[in-house]
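First residue of the sequence shown: 8, per UniProt numbering; consecutive thereafter.
Single-structure report; data block below.
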Amino acid sequence: PRYSRILGTGSFLPADRVTNQALADRLAADGIETSDDWIVERTGIRARHFAAPDQAASDLAFPAAQAALEAAGLVAEEIDLIIVATSTPDMVFPSTACLLQRKLGVHGCAAFDVQAVCSGFVYALTVADSMIRSGAANKALVVGAEVFSRILDFKDRTTCVLFGDGAGAVVLGASSEPGILATELHADSRHVDILCTPGTVSGGQVLGSPLLKMDGQAVFKVAVGVLEKVARSVLDKAGLTDADIDWLIPHQANIRIMQGTAKKLKMDLNKLIVTVDEHGNTSAASVPLALDVAVRSGRVQRGDTVMLEGVGGGFTWGAALLKY
Ligand code: ACO
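Right, dumping it as structure tokens:
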């Protein structure tokens, strides 16, 4: 049998680390009131990184991809598929994956973006896994890269305190050993409106709002329910149970959603990888960023069973269960 396996991970955060207090001070200058206490208590976020004005998604993706290639012991020429998950692409087109391919100094391999908001990385990983298992690709670079700071409404304190910028990457390679054990993706478009950036570019203008809008409580309710269900479903497919999970790496949106999911899976909270405190919600970048932090800190080890979970706008969600 042919499987896909993670050969290496990498990540990158832009230099500007903004604490809650620093953000509160910036917002206060515009008459918007918030506090470190409120943000920490409701979300678990203490700081986030914001890209510089001249840094686009592909600029964050590039160093993350280089780190993942180095960890895998590969050079970019050996990659035959590049998938970038992003909802904040550099341009309308070409895709951020094509721009990343150019930065990597290679050409010829397939490259495209996947847009599933905060579930984007799990979607992209699932597509890459399918293409590798079918023989359509041998070595894939799968990246989540976002600059959500570009679409935040800094006059809306209920959303602008939640998000940050960053990128995470994995190199996935064909293997006779698993690897990715099971994946599952979902979308429920009845919830399009609870989390969206509804504007678009048309006729030389931005039509509609180019800023993120969210009904936080509605998102919270949908997220907690679907994350437990999809985790159990991929465990079933792999013939495993809750107790087999060594590490849970959910989308890093909110500590309460993450801990709620871990409790439902009867997991010890120290098996939950948490980076939301330092990264905020980096949308499609959050899962590969957290995976890379967990690998480089020595927590996730070769042979460990890891559950990745994404959930976000669409509404979309999904899970990937793997042996690291
Ligand atoms: N600072 C201070 N006060 C605030 C802030 C802020 N930044 N934001 C809102 N408030 C106030 C509100 O105005 C409200 O005041 P009021 O009671 O006087 O009206 C009060 O705090 C409570 O607001 P709620 O919206 O009820 O707060 P809640 O406890 O629901 O927390 C939150 C809001 C954190 C957004 C929560 O709903 C949540 O976590 N939702 C999940 C959404 C999420 O994580 N989204 C991430 C993107 S989606 C994804 O990635 C899946």
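Built from N, CA and C at the ideal position, the CB exists for glycine as well.
Fair warning: this is a prediction, and the values are worked out from it, not measured in the lab.
- Of the other Cβ atoms in all chains shown, fewer than 16 fall within 10 Å of the Cβ of M98; this residue is therefore exposed.
- For the stretch 149-184, the continuous alpha helix (DSSP H) assignments of 4+ residues that do not extend past its boundaries occur at 164-167, in sequence order.
- Taking G186 as the centre and dropping the five residues before and after it, the same chain places the C-beta of Y10, S11, R12, L329 and K330 closer than 7 angstroms to its C-beta, in chain order.
- Beta-bridge pairing by DSSP links F119 to I90.
- Rounded to whole angstroms, the gap between the alpha carbons of T204 and K220 is 6 angstroms.
- In this structure, DSSP gives D23 an extended state, which the three-state scheme calls strand.
- Under DSSP, C203 takes part in a beta bridge, and its partners are K220.
- As the crow flies, the alpha-carbon of S183 is around 32 angstroms from that of L106.
- Given a length threshold of 4 residues, each whole run of the alpha helix (DSSP H) inside the stretch 44-115 is given here in chain order: 64-79 and 103-110.
- Within the model, the alpha-carbon separation for Q224 versus I39 is close to 21 angstroms.
- Inter-residue distance for A68 and G175 is about 7 angstroms (C-alpha atoms, whole angstroms).
- For a cut-off of 8 angstroms, the C-beta gap from A71 to S18 is around 5 angstroms, short enough to register as a contact.
- Inter-residue distance for D61 and G80 is about 30 angstroms (C-alpha atoms, whole angstroms).
- Distances between the C-beta of F161 and the heavy atoms of the ligand ACO are all 6 angstroms or more.
- Residue burial annotation: L148 is buried, with at least 16 other C-beta atoms found within 10 angstroms of its C-beta.
- K228 has no beta-bridge partner at all, per DSSP.
- Proximity of the stretch 230-241 to the stretch 186-203 meets the contact definition, three or more beta-carbon pairs being nearer than 8 angstroms.
- The beta carbon of G215 lies closer than 7 angstroms to those of P205, G206 and T207 in the same chain, with the five residues before and after it left out.
- The ligand ACO never approaches F322 closely enough for any of its heavy atoms to be under 6 angstroms from the residue's Cβ.
- Distances taken from the Cβ of N288 to the heavy atoms of the ligand ACO include one shorter than 6 angstroms.
- DSSP places S304 outside both helix and strand once states are collapsed to three, so it counts as coil.
- Just measuring C-alpha positions, the residue of L255, V231, V177 and F322 sitting nearest A74 is V177.
- Placement of the Cβ of C125 at a distance of less than 6 angstroms from at least one heavy atom of the ligand ACO is found.
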